[in-house]
Amino acid sequence: MFTQRRGENVTSNHETTSRESATPGGASRGPGALRVGLVGVGQRAYIAHHVASSDENAVLVAAADTTPEGRGRIAPEFGPGVEVFDSHTALIEHAELDAVIVTTPDWTHAEIAIDFLRAGIAVYLEKPLAITVEDADEVLRTAHETGTKLYVGHNFRHAAVVRLMHDIIARGEIGEVKTVWVRHFVGNGGDYYFKDWHADRSKTNTLLLQKASHDIDVVHLLAGAYTTRVVGMGDLVVYGDVVDRDTHEGETVHDWFSYDSWPPLTQTRLNPVVDVEDVSMMMMTLSNGVLASYEQCHFTPDYWRNYTVIGTEGRLENVGDTAGGVVKVWNRRHEAEWQTAGDVEYPIEGVSTGHEDADVLTMREFLAFVGREEPVTLSPVAARAAVAAGSLAARSLRSGSQPFDVPALSPELLDHFARTTTPAPAAAL
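This is the structure in structure tokens:
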């Protein structure tokens, strides 16, 4: 097993902090607290706040960002007690970490995760695991070879709507699942994904990873198996016609987001490179025979996702995906051909917008995994399955909708990650 490298007790030439365990703002944690670092201080870096709010004995002690703007956000966001570095390698060498949270742009995930895994530092890697199947597999191999803990932040598994749908299926209310359909209306797509690096396929590959990997993973969870064959269709049909472009140097989405940016063709300051699809569709065959589909559109006015799961004894469908929404179940026939009311309806709890509740649960699970060897509900194998399905769907839609089979993982990797994961889908890749 690879031994973690520990730097001598020296400080870098960046901002310094005491080696005493301290939460952001200076509140101390108990002896033996996990020392946690953060890489990438952009839009998703806020999840590092959940280190302090978790029930685990852990503390955020250091953060790194390659940009001066990112480094400048560390103290205001997390407090002056968090040490500042300008690279993830400096963080490895000097911060004496037990674990790290990686929230950098997608194309950097594999390289950064591999470096930390080789250093023996447990990794929380923001989804997607990587932007290609090959890189995803290399991350998994490195975790296996080093024995270092790897956790991928597919937080949507912990969202109230997903847990509710999963419980309905587990109780047998719709029988055995046979097909899953997902429609994803990305109402903020222009602001979220077409004004920075997300719009550049060399950095994202496809929004079927950055955006759809959540839902592909949930399809696998609800259906109880992973995708083995996929076909896609899609195109850039709206945002490619917008000619106003800008680099947004040093900015984050909060600096340019506006609900007044409507209709989509009136958007301004798009990324200089826009070559990812703004509408995508994919169909999946899962290893247990379940058939699934996913559709994504980035120029709709509304922002939510709609699941329909049909089994041998009924179907469920969510209307809304946060608090105030409902999951409806139809499980008997009616004389009327259609009815909007379900035979049973379950209110969705949790937050009213976003997925902060899911973020909290995800971070808590990671820290318990690192600190107390608690098993996790999401295997890196599942994260790889989402990458494989999404990236191959993108290859398909860019190849005249040619179907592609998902390459199998080695038995060694499947066995390694099965030891720390419960429960797992019945069928493995």
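Numbering (the working numbering), first residue to last: 25 to 453. We treat Cβ as the ideally placed atom computed from N, Cα and C, and that holds for glycine.
For residue j and residue i, the rounded distance between their alpha carbons
| i | j | result |
| --- | --- | --- |
| T156 | R357 | 45 Å |
| A86 | T172 | 20 Å |
| A417 | F428 | 8 Å |
| V251 | E389 | Note on residue identity: the sequence assigns Thr, not Val, to residue 251. Going by the C-alpha atoms only, they are around 25 Å apart. |
| L340 | T346 | 16 Å |
| V254 | D239 | 15 Å |
| D215 | E117 | 37 Å |
| A46 | P92 | Reliability of the predicted coordinates at A46 is poor, the pLDDT of 37 falling under 50, and the value obtained from them is presented with this limitation in mind. Straight-line Cα distance between these residues: approximately 24 Å. |
| A123 | F393 | 11 Å |
| W131 | H222 | 10 Å |
| L310 | A316 | 8 Å |
| T386 | H178 | 8 Å |
| G349 | N342 | 7 Å |
| R165 | S434 | 10 Å |
| A407 | P152 | 7 Å |
| Y331 | V204 | 7 Å |
| A119 | L437 | 30 Å |
| Q234 | T228 | 7 Å |
| A442 | E169 | 15 Å |
| S106 | I98 | Rather than Ser, the amino acid found at residue 106 in this sequence is Val. So the two alpha carbons sit approximately 7 Å from each other. |
| S285 | T444 | 45 Å |
| S420 | V108 | 43 Å |
| R195 | E373 | 19 Å |
| Q363 | G258 | 32 Å |
Beta-carbon contacts of residue i that lie in its chain and below 8 Å, excluding the five residues immediately before and after
| i | result |
| --- | --- |
| G335 | I193, I198, G199, E200, V201 and K202 |
| I138 | E162, V163 and T166 |
| T27 | Low confidence applies here, because T27 scores a pLDDT of 31, under 50, leaving its location unreliable; read the following figure in that light. For T27, where only same-chain residues beyond five positions count, the Cβ hits under 8 Å are G144. |
Same chain only: Cβ atoms within 7 Å of residue i, ignoring 5 sequence neighbours per side
| i | result |
| --- | --- |
| V261 | D302 and V303 |
| K219 | H272, W280, R293, L294 and N295 |
| R181 | D241, V242, L245, T401 and L402 |
| W328 | F209, G344 and D345 |
| R68 | T127 and E150 |
| F102 | P48, A72, L84 and A87 |
| A154 | H133, A134, A160, V163 and V411 |
| S78 | M387, R388 and L391 |
| V333 | M189, I193, I198, V201, V204, L246, R339 and L340 |
| D383 | I71, H74 and N179 |
Residues that residue i bridges to, as DSSP identifies them
| i | result |
| --- | --- |
| V60 | L84 and A123 |
| L421 | L421 is not bridged to any residue. |
| R396 | The partner list for R396 (beta bridge, DSSP) is empty, contrary to what the question assumes. |
| H208 | Q320 and R329 |
| Y370 | V351 |
| I334 | T203 and R339 |
| G414 | Paired residue(s): none; G414 is not in a bridge. |
| V108 | A87 |
| D259 | V303 |
Residue i in three-state terms, based on DSSP
| i | result |
| --- | --- |
| R329 | strand |
| A442 | helix |
| A51 | The predicted model places A51 with a pLDDT of 41, which falls under 50 and marks its position as unreliable, so this point remains unresolved. |
| R253 | strand |
| D220 | coil |
| D429 | strand |
| D381 | helix |
| G94 | helix |
| D239 | helix |
| G213 | helix |
| H358 | coil |
Close-in-space but distant-in-sequence residues of the same chain around residue i (CB under 6 Å, 5 per side omitted)
| i | result |
| --- | --- |
| Y70 | none |
| V60 | V75, A82, L84 and A123 |
| F140 | V124 and V147 |
| H440 | H168 |
| M307 | V255 and S317 |
| G366 | K352, V353 and W354 |
| P404 | L164, L174, V176 and F441 |
is_contact[residue i, chain B] using C-beta, thresh 8 Å
| i | result |
| --- | --- |
| E337 | The chain inventory of the structure shown lacks chain B, comprising one protein chain alone. |
Check: residue i C-beta below 7 Å from any heavy atom of the ligand FMN
| i | result |
| --- | --- |
| C321 | For the ligand FMN, the structure offers nothing, since it holds no ligand at all. |
* Report the residue ranges of all beta strand (DSSP E) runs contained in full by the segment 156-206; include only those spanning at least 3 residues, in chain order. => 174-177
* To do: Kindly provide the ranges of any alpha helix (DSSP H) runs that are 4 or more residues long and lie completely inside the segment 264-324, ordered along the chain.
  => 277-280
* In chain order, each beta strand (DSSP E) run of at least 3 residues that lies wholly inside the segment 130-157 -> 146-150
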